[in-house]
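Report on the structure given below.
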Amino acid sequence: MTGIQTSNSKALFERASKSLVGGVNSPVRAFKSVGGNPLFIKKALGAYLYDEDDNRFVDYIGCFGPAILGHSHPMVVKAVSESLENGFCYGASNSKEIELAELVKEAFPNMDKIRFVNSGTEAVMSAIRLARGYTKKNKIVKFAGNYHGHVDALLAEAGSGLATFGLPGSAGVTPHTVQDTLIIPYNDFDAVESIFELEGGNIAGIVLEPVCGNIGVVNPKEGFLEFLREITKKNEALLIFDEVMTGFRNGFGGVQTDYQIKPDITILGKIIGGGMPVGAYGGRSEIMDMVAPLGPVYQAGTLSGNPIAMTCGIATLNILKEEKSYLKASYQVGKLAKNLEVLAEKYNVDLIINTYGSMITPFFSSEYITDYQSALKCDKELFSKFFWKVLNDGSMIPPSQFEAWFVSAAHTEEDTDIILDSAESFFKGLKG
Ligand code: PMP
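So the sequence shown is numbered by this note's numbering: it starts at 42 and just counts up by one.
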């Protein structure tokens with residue numbers, strides 16, 4: 042990497058690689074698809090990340106989703122700090138769990154009852170178990186390129202990290218584990234119809250990202266979500282919206298609010314914990330009452346609902362609701378999308394830009410991106426060059442073409458101008 046000084050991060054990565062697998066705790070942080078060493082961050086404030094070499098970056102990773110308010114919002118810091126005085130976890134109920142559940146229910150009226158867990162992965166895993174327990178059927182339909190955490194049964198054609206590393210699935214997942222997973226292309230009405238013709242009686246549910254974020258942002262075709270609602274109802278299968286990424290992204294609600302669809306189960310994570318480990322699943326009472334202690338579907342967690350994580354989530358959602366933070370973030374996304382489009386046109390660069398609320402992915406492609414296959418055709422090499430260019434100029438985007446960029450309410454016009462200037466200089470350089 043040229044330009045910025047990164048010797049402290051480099052030394053830390055060498056040290057990390059001796060005790061942490063690949064030097065990281067989550068593979069997408071490893072910079073593998075863009076080359077070079079990952080940067081080590083020592084501080085995150087507002088719209089900025091500060092690395093161990095004291096470089097400042099405008100942050101478009103946003104902790105891969107939770108940081109919609111920007112980092113370290115003073116009111117969230119205050120609430121969490123006060124909560125620390127009262128202990129970290131109790132192994133017994135606390136009122137913060139109720140408060141966060143009530144806030145989530147206000148935003149997601151299709152969730153009569155909620156169970157909090159510690160990550161999106163855990164929430165998906167539990168929701169799938171619940172869908173099977175409730176319907177007494179085994180098969181789960183998932184869409185290629187949708188990522189639902191590292192749940193064994195759903196780690197096939199799972200977009201995001203796997204797409205970044207070119208992996209079809211994960212070693213260690215047995216054929217037996219995935220035999221009840223049916224994978225079809227996203228946005229493909231015919232494929233959905235066919236799978237129900239073939240397997241209808243055995244399908245417990247469809248799980249999907251109603252707007253995809255893990256192949257980059259991909260929106261549903263007109264009528265697709267409505268069609269899924271109808272066909273699942275007809276076949277007595279559950280419609281499961283994984284809104285871990287999209288929840289609270291475009292409003293005080295989710296994709297289900299925007300499209301007025303009522304899924305049977307909703308899965309949340311990321312923003313609801315405000316940066317602390319929180320996931321949740323919930324739905325109609327008759328379904329959720331199948332979960333222990335009321336019903337036979339077992340699911341538990343030592344740290345679930347701990348008061349600190351709940352407090353962080355409550356403070357985050359209250360600010361989001363009162364300040365309509367998603368509008369501020371979405372406004373900058375609109376500006377970014379419009380200007381990138383103009384620049385791409387001016388310099389004759391093939392760029393397709395997809396957005397949803399405060400999420401955006403510019404794809405280096407000439408084809409519309411509507412599913413996993415079309416996303417895979419992007420020019421990944423060009424993306425890597427773009428990544429390093431913008432990083433050197435002071436903006437940190439996710440180190441993969443197959444990710445959404447997350448813009449926060451703390452991002453300013455000036456911050457957006459920084460990456461637009463980098464993009465212009467990059468596109469101009471390609472011309473020659
Ligand atoms: N579902 C979706 C849609 C996600 O984007 C993610 C994480 N990126 C998960 C589930 C898994 O969440 P976690 O990383 O908290 O386990």
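C-beta: ideal position from N, C-alpha, C; glycine also. Note that the structure is predicted; figures quoted are calculated from it, not measured.
Three-way DSSP call (helix, strand, coil) for residue i in this model
i                 : result
phenylalanine 293 : coil
isoleucine 401    : strand
valine 117        : helix
tyrosine 104      : A small fix is needed here, since residue 104 is cysteine in this sequence, not tyrosine. DSSP places cysteine 104 in helix when its eight states are reduced to three.
asparagine 395    : strand
phenylalanine 54  : helix
asparagine 49     : helix
aspartate 92      : strand
isoleucine 438    : coil
asparagine 135    : coil
tyrosine 188      : coil
alanine 63        : Note that residue 63 is glycine in the sequence shown, not alanine. Reduced to three states, the DSSP call for glycine 63 is helix.
glycine 210       : coil
glycine 375       : helix
aspartate 330     : coil
isoleucine 181    : strand
asparagine 260    : coil
tyrosine 388      : coil
valine 338        : strand
When the options are compared against residue i, the one with the closest alpha-carbon
i                 : options                        : result
tyrosine 131      : Pro440, Ile349, Val374, Phe443 : Ile349
phenylalanine 293 : Val259, Leu358, Asp231, Met166 : Leu358
glycine 161       : Ala370, His189, Gly174, Ala88  : His189
lysine 119        : Val374, Ile360, Phe443         : Ile360
glutamate 16      : Lys379, Ala451, Asp391, Ala356 : With the chain running from 42 to 473 in the structure shown, residue 16 is simply not present.
phenylalanine 149 : Ile247, Val192, Tyr322, Asn347 : Tyr322
lysine 262        : Tyr409, Asp462, Tyr101         : Tyr409
glutamine 442     : Phe265, Gly435, Tyr413         : Tyr413
valine 383        : Asp434, Glu455, Glu465, Lys426 : Glu465
cysteine 419      : Lys430, Val431, Val390, Asn433 : Val390
phenylalanine 54  : Gln297, Pro79, Gly315, Met400  : Pro79
isoleucine 328    : Phe105, Cys104, Asp153         : Asp153
lysine 362        : Asn395, Asn66, Leu141          : Leu141
glycine 310       : Phe428, Leu471, Ser345         : Ser345
lysine 180        : Ile236, Val214, Glu267         : Ile236
proline 107       : Glu267, Val319, Glu234         : Val319
Where the beta strand (DSSP E) through residue i begins and ends
i                 : result
glycine 354       : Run containing glycine 354: none in the beta strand (DSSP E); it sits in the alpha helix (DSSP H), 348 to 364.
threonine 222     : 222 to 225
arginine 70       : Element bounds for arginine 70: n/a, residue is neither H nor E.
threonine 478     : Shown here, the chain extends from 42 to 473; a query on residue 478 therefore has no answer.
valine 248        : 244 to 249
phenylalanine 443 : Unbroken run through phenylalanine 443: none, as it is neither H nor E.
valine 219        : Per DSSP, valine 219 belongs to no beta strand (DSSP E); it is in the alpha helix (DSSP H), 216 to 219.
isoleucine 302    : Looking at the DSSP string, isoleucine 302 is not in any beta strand (DSSP E), and its letter there is neither H nor E.
arginine 156      : 154 to 158
Segment limits, alpha helix (DSSP H) that includes residue i
i              : result
valine 233     : 230 to 240
tyrosine 175   : 161 to 176
glycine 470    : 454 to 472
valine 431     : 421 to 433
isoleucine 313 : Taken as a continuous stretch (DSSP letters only), isoleucine 313 belongs to no alpha helix (DSSP H), as it is neither H nor E.
isoleucine 272 : 265 to 275
leucine 417    : 413 to 417
Buried or exposed by the 16-neighbour rule on C-beta atoms within 10 Å, applied to residue i
i              : result
lysine 178     : buried
alanine 133    : exposed
glutamine 301  : exposed
glycine 264    : exposed
tyrosine 227   : buried
proline 337    : exposed
lysine 387     : exposed
proline 304    : buried
isoleucine 272 : buried
glycine 44     : exposed
aspartate 403  : Here residue 403 turns out to be proline, not aspartate, going by the sequence shown. By the neighbour-count rule (16 or more Cβ atoms within 10 Å), proline 403 is buried.
Proximity of residue i and residue j at Cβ, strictly below 7 Å
i              : j                : result
leucine 195    : glycine 210      : no
isoleucine 312 : isoleucine 155   : no
tyrosine 91    : lysine 83        : yes
glycine 375    : asparagine 291   : no
serine 50      : phenylalanine 81 : yes
methionine 331 : glycine 174      : yes
valine 182     : isoleucine 308   : no
valine 117     : glycine 315      : yes
alanine 278    : isoleucine 244   : yes
lysine 146     : threonine 352    : no
alanine 385    : valine 448       : no
valine 285     : valine 252       : no
asparagine 276 : glycine 241      : yes
Proximity test, residue i beta-carbon vs the ligand ADP heavy atom, cut-off 6 Å
i          : result
valine 285 : Looking at this structure, you won't find the ligand ADP anywhere; what it does contain is the ligand PMP.
Test: residue i CB closer than 7 Å to a CB of chain B
i             : result
glutamate 465 : You won't find chain B in this structure, because it holds only one protein chain.
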